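Numbering-wise (the numbering used here), the sequence shown opens with residue 930 and increments by one.
C-beta: ideal position from N, C-alpha, C; glycine also.
Since the structure is predicted, the reported quantities are computational estimates derived from the model, not experimental observations.
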Amino acid sequence: MRIALITETFLPNVNGIVTTLCRLLEHLQNEGHEALLFAPQGAPDHYAGARVIPLRGIPFPLYPDIRFTPPQPGIVPALRQFRPDLIHLAGLMVLGPAARFAARQLRIPAIATYHTDLPAYSVHYGLGALREAAYSYLRWIHNACALTLCPSSAILADLRQRGFRRLRLWGRGVDTVRFRPANRREEWRVAIGARSDERVLLYVGRLAAEKRLDLLAEALRNVDGIRLVLVGDGPARPQLERRFAGMPVTFTGFLDGHDLSIAYASSDVFVFPSDTETFGQVVQEAMASGLPVIAARAGGVIDLVRDEETGIFFTPGSAYDLRTAVHRLVANPSLSSAYGRAGRAAAEQRSWPRVLDELIKYYRRALRWRPRLLALRRAWS
930 MRIALITETF LPNVNGIVTT LCRLLEHLQN EGHEALLFAP QGAPDHYAGA RVIPLRGIPF
990 PLYPDIRFTP PQPGIVPALR QFRPDLIHLA GLMVLGPAAR FAARQLRIPA IATYHTDLPA
1050 YSVHYGLGAL REAAYSYLRW IHNACALTLC PSSAILADLR QRGFRRLRLW GRGVDTVRFR
1110 PANRREEWRV AIGARSDERV LLYVGRLAAE KRLDLLAEAL RNVDGIRLVL VGDGPARPQL
1170 ERRFAGMPVT FTGFLDGHDL SIAYASSDVF VFPSDTETFG QVVQEAMASG LPVIAARAGG
1230 VIDLVRDEET GIFFTPGSAY DLRTAVHRLV ANPSLSSAYG RAGRAAAEQR SWPRVLDELI
1290 KYYRRALRWR PRLLALRRAW S
């Protein structure tokens, strides 16, 4: 197959969308498929054998890793030259109309992956009045596709209720070789300031309002015997540094590669208060690293964590419930270890090759849907 992919975020940024795209491009190359990627300027010229066509854009205010990428005249000609069998829209927002137009012009099916919960983000940034408009806009884009792949059952149910059609469930894989308990390093714990009698709680992700890190400050205040490590960066970091002032908290900034795998494995508990996750890739990485997870019972995380088996859910937005869950695991190391071992076993069932083979099957299903798609488009015209 010849697959054209269009995204508003790619390397050098590192996030869930980029991780998925990199793995997908590698898999397509290994399986003998050809790929073309449209991505924001600054990305490498090629990746895993795929040519990368740069697109002009500016950072999206709510999520700087994603760029405002306006329609550009070079997209359709480049697609005509490549002659794709299918177009994959990878979590598009601003560029969605241009991708929709390109698929209609070339009369080829498009498949979309739903990555970022833009309607939920609008609420956290004080733009709740735009929530329904965001759903309408995204529905217009996704309902023009042969399939929309949802990362979790919660997202699929929400979109179906709001009139999105042709939805399927497609999760994400995790690298269980890179993320594993054997990467634990005592020297890392010393470097982040943890005492020998402290349990290390870890958060990995963007430091932003929608991640609800304010709950951690409220829940962990005056709790003895713990140190919180926040891995990542983002617009909320200055406020969070003020909020956590005087508490045993370490901000590491952005980590990747081996440094990130060591941070996971060298911690004791993974805490994830966000209630807007479409999936929660960092939760899978923590489980692969042998950590028990404390997470809000919301969004995509519900599909990843088994309550009272690989971790503990708390009521979204409740600092009291979060504090209670932390106390249970910190006070009971044997329970914490058991949850961590079960999490590792669960992560081993979600390898990237298995997940990406499932995506290839969805590609083939979309191609079989092409005659129906053309008939519908003639009717719409």
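Just list the residues that DSSP pairs residue 963 with in beta bridges.
For residue 963, which the question treats as bridged, DSSP gives the partners 931.
Run through the DSSP bridge pairs and tell me what residue 1077 is partnered with.
Bridge partners of residue 1077 according to DSSP: 1041 and 1096.
By how many angstroms is the C-alpha of residue 1260 removed from the C-alpha of residue 1207?
Roughly 31 Å between the two C-alpha positions.
Bridge partners - residue 975, DSSP secondary structure assignment:
According to DSSP, residue 975 bridges with 980.
Counting only runs that start and end within the region 1134-1169, where is the alpha helix (DSSP H) found for 4 or more residues in a row?
Every unbroken stretch of the alpha helix (DSSP H) spanning 4 or more residues and falling wholly within the region 1134-1169 is given here in chain order: 1143-1149.
First through last residue of the alpha helix (DSSP H) which encompasses residue 1173
Neither: residue 1173 is in no alpha helix (DSSP H) and is coded neither H nor E.
My parser needs the alpha helix (DSSP H) runs of 4 or more residues fully inside the region 1187-1246; what are they?
Those alpha helix (DSSP H) runs which fall completely within the region 1187-1246 and span 4+ residues are 1210-1217.
Sub-8 Å separation of residue 1130 and residue 1198 beta-carbons:
One thing to note: residue 1130 has its Cβ within 8 Å of the Cβ of residue 1198.
Are the beta-carbon atoms belonging to residue 1019 and residue 950 less than 8 Å from one another?
Residue 950 is positioned such that its CB atom lies closer than 8 Å to that of residue 1019.
Assign residue 1131 to one of three DSSP states: helix, strand, or coil.
The three-state secondary structure of residue 1131, taken from DSSP, is strand.
Proximity winner among 998, 1275, 1237 and 984, relative to residue 1257 (alpha-carbon distances):
Ranking the options by Cα distance to residue 1257, first place goes to 1237.
Give me the DSSP bridge partner(s) of residue 936.
Answer by DSSP bridge pairing, in chain order: 1019.
Bounding residues of the alpha helix (DSSP H) (the contiguous stretch that carries residue 1119):
For residue 1119, the uninterrupted alpha helix (DSSP H) segment begins and ends at 1115-1120.
Buried versus exposed, by CB contacts within 10 Å (16 or more), residue 1210:
With at least 16 other beta carbons inside 10 angstroms of its own, residue 1210 counts as buried.
Residue(s) in a DSSP beta bridge with residue 1178:
Bridge pairing for residue 1178: 1157 [DSSP].
I need the boundaries of the alpha helix (DSSP H) containing residue 1250, first residue and last residue.
Segment 1248-1260, the alpha helix (DSSP H) holding residue 1250.
List the residues that DSSP assigns as beta-bridge partners of residue 968.
983, per the DSSP bridge assignment.
Are the beta-carbon atoms belonging to residue 968 and residue 984 less than 8 Å from one another?
Contact: yes.
Verify whether the separation of the beta carbon atoms of residue 1040 and residue 1067 is less than 8 Å.
Between residue 1040 and residue 1067, the C-beta gap is not smaller than 8 Å, which leaves the two residues out of contact.
I'd like the list of long-range same chain contacts for residue 1248, defined as Cβ closer than 8 Å, with 5 residues on each side in sequence excluded.
The residues are 1144, 1147 and 1148.
Where residue 1063 and residue 1093 are concerned, what is the direct C-alpha to C-alpha distance, given to the nearest angstrom?
Their backbone Cα atoms lie some 13 Å apart in a straight line.
Which residue's Cα is closest to the Cα of residue 1224: 1126, 1202, 961 and 1134?
Of 1126, 1202, 961 and 1134, the residue nearest in Cα terms is 1202.
Tell whether a beta-carbon distance below 8 Å holds between residue 1135 and residue 1154.
In this structure, residue 1154 does not lie closer than 8 Å to residue 1135 by Cβ.
Integer-rounded CB distance, given that residue 1213 should sit under 8 Å from residue 1276:
With a Cβ gap of about 6 Å, residue 1276 and residue 1213 count as contacting.
Counting C-beta neighbours from all protein chains within 10 Å, is the total for residue 1240 16 or more, i.e. buried, or is it exposed?
The residue in question, residue 1240, is buried, as its Cβ has 16 or more Cβ neighbours within 10 Å.
Determine the closest residue to residue 1037 out of 1243, 1159, 1128 and 1012, with distance taken between C-alpha atoms.
Ranking 1243, 1159, 1128 and 1012 by Cα distance to residue 1037 puts 1012 first.
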